[in-house]
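Below is one structure; the comments refer to it alone.
Residue numbers (our numbering): 84 to 255.
Take a look at the structure:
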């Protein structure tokens, strides 16, 4: 969850983050973790993963975006890492950088239980997530699960955080 991104007060982030943690383990909202520790005695209600923000990518410049992505994967060679990939062009990043230039590095992460979470953070969530899924599916392959959904290999996931609300969630 990204409650700190959407609210104006720490208390609101704490309440929303704590509510999220009732059902999920992952959170970037430390206020929610702290609320659950203080009022419910839960020593660690949520966990986070290394995650890039736009500034950690754009600091490298457009022409070195691939180098920024490579650096992040090398800094965190195992476990999950989330990389916001729309700093310049999400579709180019997925097709050319993740799908070609860095594909082997991404696939090798699965050998040590690693997973790359690509985060598109702009555009219409329903359209963008589907297009990103199709681009990555062409590069990495997919399987159709028992519910009929197209699933990427274990080394790769898509996480959409921005622009999600009740109505957009139904469309995604």
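Even for Gly, the Cβ is constructed at its ideal location relative to N, Cα and C.
In this structure, residue 239 places its C-beta atom within 8 Å of the C-beta atom of residue 219. Shown here, residue 109 sits in a strand according to DSSP, grouped into three states. A Cβ-Cβ contact shorter than 8 Å links residue 110 with residue 103. Counting the other Cβ atoms within 10 Å of the Cβ of residue 191 gives fewer than 16, which makes it exposed. When rounded, the separation of the alpha-carbon atoms in residue 136 and residue 125 is 29 Å. Note that the stretch 177-196 does not touch the stretch 204-212; fewer than 3 beta-carbon pairs, one per stretch, sit closer than 8 Å. Within the stretch 168-233, the complete alpha helix (DSSP H) segments at least 4 residues long are 186-192, 208-223, listed from N- to C-terminus.
For the pair residue 91 and residue 142, the Cα-to-Cα distance works out to about 27 Å.
In the DSSP assignment, residue 240 falls within the beta strand (DSSP E) that extends over 239-241.
Judged by their CB atoms, residue 152 and residue 180 are nearer to each other than the 8 Å cut-off.
Distance between residue 130 and residue 108, taken at the CA atoms: about 6 Å.
The beta-carbon separation of residue 117 and residue 97, rounded to 7 Å, stays under the 8 Å limit for a contact.
Judged by beta-carbon spacing, residue 215 lies within the 8 Å limit of residue 177, meaning their Cβ atoms are closer than that value. Annotation for residue 251: the continuous alpha helix (DSSP H) segment containing it runs 249-254. Assignment of residue 140 by DSSP, reduced to helix, strand and coil, places it in the helix class.
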